[in-house]
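Keeping their order, the protein sequence lines are chains U and H.
With our numbering applied, the first sequence covers 8 to 566.
With our numbering applied, the second sequence covers 27 to 344.
Inspection log for the structure reproduced underneath, given as structure tokens.
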Amino acid sequence: MIQHDVVVVGGGLAGMRAAVEAAEAGADVAIVSKMHPVRSHSGAAQGGINAALGNREDDSPENHAFDCVKGSDYLGDQDAIEAMTDDAPRQIVWLEHRGCIFSRMPDGRIAQRPFGGAGSPRTCYSADVTGLVILHTLWEQLERFGVKVYEEYFATALCVEDGVGAGVVAYNMRTGELELVSAKATIFATGGLGRVYAKTTNGYASTGDGMAIAYRAGIPLMDMEFVQFHPTSLKVNGVLLSEAARGEGAYLLNKDGERFMFKYAPNKGELASRDVVSRAEWTEILEGRGVDGCVFLDLRHLGREKILERLPQIRELALDATGLDAIDTPIPILPGMHYAMGGIETDKFGATKIPGVYAAGECACVSVHGANRLGGNSLLETIVFGSRSARHAVEYIKSQGSVRRSDRTLQSEQERIAGILARSGGERHSQVRKAMNAAMSENVFIFRDAAGLGTAVDALRKVRDSAKTMTVADKSKTFNTDLVGLLETEFLVDIAQAIAHGALSRTESRGAQARTDFPDRDDEKWLVHSRFNYTGDDPRIDYDRKVTMTKWEPTVRTY
Amino acid sequence: MSKITLDLFRFDPAVDAEPHRDRVDIDFPETSTVLDALEYAKAEVDGSISFRRSCRSAICGSCSMNINGVTGLACKTPISTVLRADRSVRIDPMPNFQPMKDMVVHMDPFWDKYSRLKPYLQPKDKDEDHERERRVSPEDMRKLVAVANCVMCATCYALCPVVSVDPSFAGPAAISYAYRFIEDVRDDKRKERLGQISDDYLWLCAHCYACSYCPKHVEPHDRIIDTKRASVKEGLIDAAGPRHALVFAKTVKQKGVLDENEVVVGTVGRFNFRGLAAIAPLGLRMAIKGKIPPLILHPIDKVGEVRTIFDTLEVPVA
Numbered sequence: 008m009i010q011h012d013v014v015v016v017g018g019g020l021a022g023m024r025a026a027v028e029a030a031e032a033g034a035d036v037a038i039v040s041k042m043h044p045v046r047s048h049s050g051a052a053q054g055g056i057n058a059a060l061g062n063r064e065d066d067s068p069e070n071h072a073f074d075c076v077k078g079s080d081y082l083g084d085q086d087a088i089e090a091m092t093d094d095a096p097r098q099i100v101w102l103e104h105r106g107c108i109f110s111r112m113p114d115g116r117i118a119q120r121p122f123g124g125a126g127s128p129r130t131c132y133s134a135d136v137t138g139l140v141i142l143h144t145l146w147e148q149l150e151r152f153g154v155k156v157y158e159e160y161f162a163t164a165l166c167v168e169d170g171v172g173a174g175v176v177a178y179n180m181r182t183g184e185l186e187l188v189s190a191k192a193t194i195f196a197t198g199g200l201g202r203v204y205a206k207t208t209n210g211y212a213s214t215g216d217g218m219a220i221a222y223r224a225g226i227p228l229m230d231m232e233f234v235q236f237h238p239t240s241l242k243v244n245g246v247l248l249s250e251a252a253r254g255e256g257a258y259l260l261n262k263d264g265e266r267f268m269f270k271y272a273p274n275k276g277e278l279a280s281r282d283v284v285s286r287a288e289w290t291e292i293l294e295g296r297g298v299d300g301c302v303f304l305d306l307r308h309l310g311r312e313k314i315l316e317r318l319p320q321i322r323e324l325a326l327d328a329t330g331l332d333a334i335d336t337p338i339p340i341l342p343g344m345h346y347a348m349g350g351i352e353t354d355k356f357g358a359t360k361i362p363g364v365y366a367a368g369e370c371a372c373v374s375v376h377g378a379n380r381l382g383g384n385s386l387l388e389t390i391v392f393g394s395r396s397a398r399h400a401v402e403y404i405k406s407q408g409s410v411r412r413s414d415r416t417l418q419s420e421q422e423r424i425a426g427i428l429a430r431s432g433g434e435r436h437s438q439v440r441k442a443m444n445a446a447m448s449e450n451v452f453i454f455r456d457a458a459g460l461g462t463a464v465d466a467l468r469k470v471r472d473s474a475k476t477m478t479v480a481d482k483s484k485t486f487n488t489d490l491v492g493l494l495e496t497e498f499l500v501d502i503a504q505a506i507a508h509g510a511l512s513r514t515e516s517r518g519a520q521a522r523t524d525f526p527d528r529d530d531e532k533w534l535v536h537s538r539f540n541y542t543g544d545d546p547r548i549d550y551d552r553k554v555t556m557t558k559w560e561p562t563v564r565t566y
Numbered sequence: 027m028s029k030i031t032l033d034l035f036r037f038d039p040a041v042d043a044e045p046h047r048d049r050v051d052i053d054f055p056e057t058s059t060v061l062d063a064l065e066y067a068k069a070e071v072d073g074s075i076s077f078r079r080s081c082r083s084a085i086c087g088s089c090s091m092n093i094n095g096v097t098g099l100a101c102k103t104p105i106s107t108v109l110r111a112d113r114s115v116r117i118d119p120m121p122n123f124q125p126m127k128d129m130v131v132h133m134d135p136f137w138d139k140y141s142r143l144k145p146y147l148q149p150k151d152k153d154e155d156h157e158r159e160r161r162v163s164p165e166d167m168r169k170l171v172a173v174a175n176c177v178m179c180a181t182c183y184a185l186c187p188v189v190s191v192d193p194s195f196a197g198p199a200a201i202s203y204a205y206r207f208i209e210d211v212r213d214d215k216r217k218e219r220l221g222q223i224s225d226d227y228l229w230l231c232a233h234c235y236a237c238s239y240c241p242k243h244v245e246p247h248d249r250i251i252d253t254k255r256a257s258v259k260e261g262l263i264d265a266a267g268p269r270h271a272l273v274f275a276k277t278v279k280q281k282g283v284l285d286e287n288e289v290v291v292g293t294v295g296r297f298n299f300r301g302l303a304a305i306a307p308l309g310l311r312m313a314i315k316g317k318i319p320p321l322i323l324h325p326i327d328k329v330g331e332v333r334t335i336f337d338t339l340e341v342p343v344a
């Protein structure tokens, strides 16, 4: 029987940061993860992590906060944003003190680069492998504290006893057994949901597991309609080319070789916020100024030396995928699904509606990103809210007695999984996932309208029905990735429905939600968060949570 | 689209007594990667084909496997570069690991090699003494950049012939990771780390260069040489490995050719009488068969040029 004071679900940056915080505080903490921590998709983050260190230019957490508020199109909660930007410099120093390999300025301080939507160069980085170096630093700290990692354990359900969180049930992929992982506090840090879409910068593992598990257990999801499309994903395979390229000075070109961004963002050009740049690219493509459905990222003028020193990974990714060398050729790119601004609803400490259950990182919605996240803030969110949620959880468990064992959850999960393995006759889950991907990619993309969203909502209802009978080919107890794939598809379908319904219900355009039938932002009606409550069918949406404002009144947003 | 056959290693210990092979035919673009092909075959043909994968952009390190006899990341290997004459691609799990199922292997021995290193910064001074970041010059940080790119995919470990004969060898990846701390100017344990990695059979590396095939350009082989040099520089030379390297270099520098007898004596230790006695029977057998190299070896004519090479490259010698 597995039992700990604190269990963290997910071993990426948010999860490991939470575990290290809890371990430093002396708590008995363990990580449950469907993959080894260093395999987490956090490692694919390239460009950097924001903090107002002011190493290059004068800067302040307040300036950083304002940029986030504006970037969020005023949907972000300003108290949470300020908490994040205030803590950012301390967290960067914390990482550096633990050995993180940041790129440096000539005087030895941490180097910072400009990023989209930012008023000054505040993105700390390590060439274009920033996520990877931070991932390694945190994994090293797990080794240091001897944090137990239940590796290749796939969480399937949240345990709730007496109205409080009591850990999770997880499927041990090596033995094929479901196990009860009991805990006084549970922190979800399961990352993103990119696999809702066919083309995404996200890895195969980004299937929204924690979001769906919390949602099914009665915790609302929030702001799910806000999906970020990154302006520069490779045309051929959707792989990410970092915003750091534009931060270092790269151009976006249309088929005429024109730097089109200044038509859409006269001041910031290529370094406008991501929603603005992606819409601009898509407009160029729709109006016939693309080439084969894409535009170009041009690094040539940066020169070989700068590209090899600061952007070596993206040069190689483009070279491997397209055969084109960014040193002397513009690279075909287009906007690609990248990030979920929405997620498990939390307060500014990462706490959810159920006592003892927390969420941090991409799977959570605090909300610090509102309707659009700025580049360099996702890594920051994982670190700040990973540590904040763990600190809060460690305090919370002091008021708790012994761990509650939820044998009934274990039993119901055992029955559910046995039922799935025994099924026959239904569609293969890969086919169900394809239908879901098609509905989302066609109609819940950059530009949306009621007709398309209605089509998507209908299609997803059919998908949900077929998901009830979908089957696996592999019935083995050993490392059954087919079964895990089916369970992930179930989670994705829940989430896809929330996204599509949320997009249909919100009759305004704000940040990443661009409705062609409602092109304006409507602050009278829509300065509220969308909350999605699980029903087993269409989500029940409420708009009872208002946006928290501290200093900044909504104004017209231009870049 | 073209017809491609995936020739797959299949093994599920729960049902199979022995591994077997499956041939899976697919219609698929050759420009795609081997991972794309596996993913397609799993989705469309046989859901039970098992392999690890996540990022598909060579950063998570999950999908290293053996492709036509060469280990590498499936997500970084275009099908067109490995398609055999019969339009098949042979896929096996990484060697040097126990298979768990199909291409999935037991990774624990690999991770254990890291854990032994205490792979975390042990700073020279207290964090509390630094209100801000510790200052590190760009040059000092740049030394760590190659290893910072390591994704721990274990390709080098799977390719290492020393691991295959002695599984306790730390292996190229872990030695490289140790080097990352050894060269970190913020770290206080340089000498202890070098001592420990030497004990972990650093000197067993046979310099075969198999690990120079690294998908992330970490060049583990160069990091092993760097680590050996650092080890000698710190005076950690009282073991067979460093003695061998140093006496080897010494004889070549002195004579322009290898003095094999001197290398044997120097490696075992000139005054290590027990060690020398242990190899004496071998020497005797070699003598009977006339295999003992010449006992007296004169320097070659242009030995001065050889010595210049050694001095120019600052090669350490015994």
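For each residue, glycine too, the CB sits at the ideal point set by N, CA and C.
According to the DSSP assignment, H:E288 belongs to the alpha helix (DSSP H) that extends over E286 to V294.
Listed along chain H, no residue sits closer than 9 angstroms to U:Q10 by beta-carbon distance, the nearest being about 23 angstroms off.
For the options U:R440, U:E184 and U:A162, the alpha carbon positioned closest to that of U:A177 is the one of U:A162. Looking at U:T197, U:D86, U:E64 and U:N62, the one whose alpha-carbon comes closest to that of U:A72 is U:D86. When DSSP states are grouped into helix, strand and coil, U:V16 belongs to the strand group. Here DSSP, grouped into helix, strand and coil, assigns U:E352 to strand.
Rounded to the nearest whole angstrom, the C-alpha separation of U:N244 and H:I85 is 15 angstroms. Rounded to whole angstroms, H:Q222 and H:A174 show a C-alpha spacing of 21 angstroms. Taking a Cβ-Cβ cut-off of 7 angstroms, the neighbours of U:K484 in chain H comprise A40, given in sequence order. For U:H48, the closest Cβ of chain H is nearer than 8 angstroms.
Among the residues of chain H, those whose CB is under 9 angstroms from the CB of U:A134 are V171, A174 and N175, following chain order.
Straight-line measurement puts the Cα of U:L60 at about 41 angstroms from the Cα of U:R223.
By the 16-neighbour rule on beta-carbons within 10 angstroms, H:C234 is exposed. Scanning chain U for C-beta atoms nearer than 8 angstroms to the C-beta of H:S141 yields E150, reported in chain order.
For U:A212, the residues of chain H that pass the 7 angstroms Cβ criterion are S80, in the order they occur in the chain. Per DSSP, reduced to three states, the secondary structure at H:K169 is coil, with no helix or strand assignment. Taking a 10 Å sphere around the C-beta of H:N92, we find 16 or more other C-beta atoms and assign the residue as buried.
Counted as a single uninterrupted DSSP element, the stretch harbouring U:R547 is not any alpha helix (DSSP H) but the beta strand (DSSP E) occupying residues R547 to K553. With a threshold of 8 angstroms between beta carbons, U:T555 makes no contact with chain H. Nearest neighbour of H:L99 by Cα position, chosen from H:P119, H:E245 and H:R212, turns out to be H:P119. For U:R538, the enclosing beta strand (DSSP E) begins and ends at V535 to N540.
Exposed is the label assigned to H:S28, since fewer than 16 other Cβ atoms lie within 10 Å of its Cβ. Under the Cβ criterion of 8 angstroms, U:L293 is not counted among the residues facing chain H. By the criterion of a C-beta distance shorter than 6 angstroms, U:N179 is surrounded in its chain by Y160 and E186, once the five residues flanking it on both sides are discounted. DSSP, reduced to helix, strand and coil, places U:C372 within a strand of the structure shown. Going by beta carbons, U:Y566 and U:A279 fall inside the 8 angstroms limit.
Contact holds between the region 380-392 of chain U and the region 122-142 of chain U, because three or more Cβ pairs, one in each stretch, are under 8 angstroms apart. In the three-state reduction of the DSSP assignment, H:M126 falls in the strand class, which pools E and B. The beta carbon of H:I250 lies closer than 6 angstroms to those of I201 and C231 in the same chain, with the five residues before and after it left out. Counting C-beta atoms within 10 angstroms of its own C-beta, U:N274 has fewer than 16 neighbours from the protein chains shown and is therefore classed as exposed. Around the C-beta of H:I326, fewer than 16 other C-beta atoms lie within 10 Å, and the residue is accordingly described as exposed.
Taking the Cα positions, H:F207 is about 44 angstroms away from H:I318.
In this structure, the alpha-carbon of U:F195 lies about 15 angstroms from that of U:S49. Taken in chain order, the members of the region 70-104 of chain U whose beta-carbon sits within less than 7 angstroms of a beta-carbon on chain H are V100, E103 and H104. Sequence-distant partners of H:A306 (beyond 5 residues in either direction) whose C-beta falls short of 8 angstroms from its own C-beta are missing from its chain.
By the beta-carbon neighbour count (other beta carbons within 10 angstroms, threshold 16), H:I335 is exposed.
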